[in-house]
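Colleague: I have a structure here, written as structure tokens, and I will follow up with some questions on it.
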Amino acid sequence: MFQVTIPFACAAECRYTIDIVLCEWLGIELAFIEDAKAEVISIAAEGRSIVLPGTFFLSAEANWLQYESLFSGSVYELATGLHEYFPERLPVFKELIEDIQLPLVTIDDDETKINFDLFGGIFYLLSRYEEMVVADRDSLGRFPARSSAQFKAGLMQRPLVNEYVELLWKVIKIIWPQCERNRREFQMVISHDIDHLAFHRQYSFLRGMKRAARACIDMDPSMACRFVFARQAVLGGRLAADPFFTLNELMDESESRGLASTFYFMAGGTDSIHDEDYDLLEPSVRQALKSIHDRGHYIGLHPSYSTFDNPDTIRSEMNHLRSVAENLGIQQKEWGSRQHYLRWETDTTPMHLKAAGISHDSTLGFAEQPGFRCGTCYEYPLYDFSMRMAHKLRERPLVVMDCSVMDSRYLGYGTGRRALDFIGQIKDQCRRYQGNFTLLWHNTRIVRSPEKRLYLNALDI
Ligand SMILES: [Zn+2]
1 MFQVTIPFAC AAECRYTIDI VLCEWLGIEL AFIEDAKAEV ISIAAEGRSI VLPGTFFLSA
61 EANWLQYESL FSGSVYELAT GLHEYFPERL PVFKELIEDI QLPLVTIDDD ETKINFDLFG
121 GIFYLLSRYE EMVVADRDSL GRFPARSSAQ FKAGLMQRPL VNEYVELLWK VIKIIWPQCE
181 RNRREFQMVI SHDIDHLAFH RQYSFLRGMK RAARACIDMD PSMACRFVFA RQAVLGGRLA
241 ADPFFTLNEL MDESESRGLA STFYFMAGGT DSIHDEDYDL LEPSVRQALK SIHDRGHYIG
301 LHPSYSTFDN PDTIRSEMNH LRSVAENLGI QQKEWGSRQH YLRWETDTTP MHLKAAGISH
361 DSTLGFAEQP GFRCGTCYEY PLYDFSMRMA HKLRERPLVV MDCSVMDSRY LGYGTGRRAL
421 DFIGQIKDQC RRYQGNFTLL WHNTRIVRSP EKRLYLNALD I
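Written as structure tokens, this is what we have:
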């Protein structure tokens, strides 16, 4: 049993972070001691200890949720001092370190020192502290990647939290070699946001026919035929005939790889431009929901465009999805969600989701920058800034979204080698830490052959 002493400064934030890192992720048993006089964090057992400064926590205590406590995005790439145990240099935000002349770790028989505020850095990234402070929002009302510390530091595709945890674990193993950690396995977490189910309802006859003409160039012949012949069937009410209705195909691909997909369905609309074109009560949709469940996949909620700051609409959409599911005999132990357009406010959205009965969310990735918005590829409880404690809503950070990589409004890497290599590099980072590669691929993005090929390659790479 370890004893962890935490100082008075930001004790709640310190405890939240240590609970996640040491207890939940590493599986270490510990007891907390709060010591108002302590100036450092210490982890102790069997007469030996590791001490860490609380540089960020001290600054945040004095300037809670103020600009003065934010990271500028400047980092030092520093040697750890652990040589064969951890030979790589580690990027450390300037605000976490006081003396850059020291190696990041100095091992000592009695008291080993980690010379930067490792837990403060982890808290900053996991809690999305800066999103509570910085008012910047893009044209869709989202906190932009360019305003984040990781982006400014050029570290969007590095899971820094995992890197810091790995360093801590190496130090723990040097001091207490008999200590064991929780075992983890790399997982692919595949999901599909169902924004549109019907191309032929969404677009005019003319556009439909133009699309069909293009189909000869970049679509499977069978898909091209569907484009040409499905219009009457779809407009006549047979939604499943539409080329966007690819749910069976997505399930087939997941199943052939031993995976279960999560399908996030919209269950209402709050914005006539950005929201859904289907109704959960349509026979084709009901049949799809039943089939997803029967085949061992999962259903989640895709809360509509204006729900992120509106508790009533999130609740009514969740209630609608749940009642349709119950009528179909679908039982799920837990319900998850992902916000449409990834619209999110750190102080309100988690609270509204939890109040609607949702247990986990998978919104937190940047649309314009795939990678690690929360610094990690592990699931964890969000931070509740109003209660200053762990939130009851858990986050499964979104790592890659299809359009973020392919589309010119985002990275614009297209569907070729460059896109696949980029996805592969991020996936390798998740693999390296036995984390979760959380991939969002829309049902509408396996219609064109090159997009489908990229998806399948992303699954297999
Ligand atoms: Zn969406």
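Its first residue numbered 1, the sequence shown is counted upward by one per residue in this note's numbering. C-beta: ideal position from N, C-alpha, C; glycine also.
Could you tell me which of V400, H352, K392 sits nearest to C374, measuring between CA atoms?
Modeller: Nearest C-alpha to C374: V400.
Colleague: Please confirm whether G27 has its beta-carbon closer than 7 Å to some beta-carbon of chain B.
Modeller: In the structure shown, chain B does not exist; there is a single protein chain.
Colleague: Using only the alpha-carbon positions, how far apart do N162 and P243 sit?
Modeller: 40 Å
Colleague: What are the boundary residues of the alpha helix (DSSP H) that includes N162?
Modeller: 160-175
Colleague: Is the closest heavy atom of ligand 1 to the C-beta of D193 under 6 Å?
Modeller: yes
Colleague: Taking just the CA atoms, how far does L65 sit from R231?
Modeller: 54 Å
Colleague: Distance check for L420 and I461, CA to CA, integer angstroms please.
Modeller: Going by C-alpha positions, I461 is about 8 Å away from L420.
Colleague: In this structure, how does DSSP classify L22 when only helix, strand and coil are distinguished?
Modeller: helix
Colleague: Verify whether the separation of the beta carbon atoms of G153 and V75 is less than 7 Å.
Modeller: It should be noted that the sequence gives Ala, not Gly, for residue 153. Cβ distance < 7 Å, so A153 and V75 count as in contact.
Colleague: Return yes when at least one heavy atom of ligand 1 lies under 6 Å from the C-beta of H340, else no.
Modeller: yes
Colleague: Have a look at G296 and A260 and give me their C-alpha separation to the nearest angstrom.
Modeller: 7 Å
Colleague: Drop a sphere of 10 angstroms on the beta-carbon of Q332, count the other beta-carbons inside from all chains shown, and report buried for 16 or more, exposed for fewer.
Modeller: exposed
Colleague: Just to confirm, are L465 and A267 a CB contact at a threshold of 7 Å?
Modeller: Residue 465 is absent from the model: the chain starts at 1 and stops at 461.
Colleague: Using three-state DSSP, classify H320 as helix, strand or coil.
Modeller: helix
Colleague: Who pairs with V51 in a beta bridge, going by DSSP?
Modeller: S42, K113
Colleague: With DSSP collapsed to three states, give me the class of M251.
Modeller: helix
Colleague: In whole angstroms, give me the CA-to-CA distance for D108 and I446.
Modeller: 56 Å
Colleague: Could you give the DSSP three-state label for P311: helix, strand or coil?
Modeller: helix
Colleague: Between the beta-carbon of A305 and the beta-carbon of H340, is there less than 7 Å?
Modeller: The residue you asked about is not Ala; residue 305 is Tyr in the sequence shown. The answer is yes: Cβ separation under 7 Å.
Colleague: Which full runs of the beta strand (DSSP E) of 3+ residues lie inside the segment 409-460, going along the chain?
Modeller: Complete beta strand (DSSP E) runs here, min 3: 436-440.
Colleague: Have a look at the DSSP bridge pairing and note the partners of H192.
Modeller: Bridge pairing for H192: F263 [DSSP].
Colleague: Using the beta-carbon count (16 or more within 10 Å), is P397 buried or exposed?
Modeller: The residue is buried, with at least 16 neighbouring Cβ atoms inside 10 Å.
Colleague: Please indicate yes or no: does the CB of S256 lie closer than 6 Å to some heavy atom of ligand 2?
Modeller: In the structure on display, ligand 2 does not appear, and the ligands it does have are ligand 1.
Colleague: What does a CB cutoff of less than 6 Å around E497 pick up in its chain, not counting 5 residues either side in sequence?
Modeller: Beyond the ends of the chain as shown, which are 1 and 461, falls residue 497; an answer cannot be given.
Colleague: From F143 to T346, what distance separates their C-alpha atoms?
Modeller: 10 Å
Colleague: The alpha helix (DSSP H) spanning I122 covers which residue range?
Modeller: 118-127
Colleague: From what residue to what residue does the alpha helix (DSSP H) around P381 run?
Modeller: Under the DSSP assignment, P381 falls outside any alpha helix (DSSP H), being part of the beta strand (DSSP E) whose first and last residues are 380-384.
Colleague: According to DSSP, is V234 helix, strand or coil?
Modeller: helix
Colleague: Given this structure, state the Cα-to-Cα distance separating G365 from Y16, to the nearest angstrom.
Modeller: 22 Å
Colleague: Just to check my reading of the structure: L197 and F86 have Cβ atoms closer than 8 Å, yes? What is that Cβ distance to the nearest angstrom?
Modeller: 49 Å between Cβ atoms; not a contact.
Colleague: Hey, could you find the ends of the alpha helix (DSSP H) R464 is sitting in?
Modeller: The requested residue 464 does not occur in the structure, where the chain is confined to residues 1 to 461.
Colleague: Tell me which residue opens and which closes the beta strand (DSSP E) that D2 is part of.
Modeller: Checking the sequence shown, residue 2 turns out to be Phe, not Asp. 2-7 is the span of the beta strand (DSSP E), which, as asked, contains F2.
Colleague: For A224, which residues does DSSP report across the bridge?
Modeller: Bridge partners of A224: none, in fact.
Colleague: Please report the straight-line C-alpha distance between R417 and L250, rounded to a whole angstrom.
Modeller: 22 Å
Colleague: Check the C-beta distance from Q369 over to F151 and give it rounded, since I have them as a contact under 8 Å.
Modeller: 6 Å
Colleague: Below 6 Å CB to CB, which residues in the same chain sit around R226 once its five sequence neighbours on both sides are set aside?
Modeller: P243
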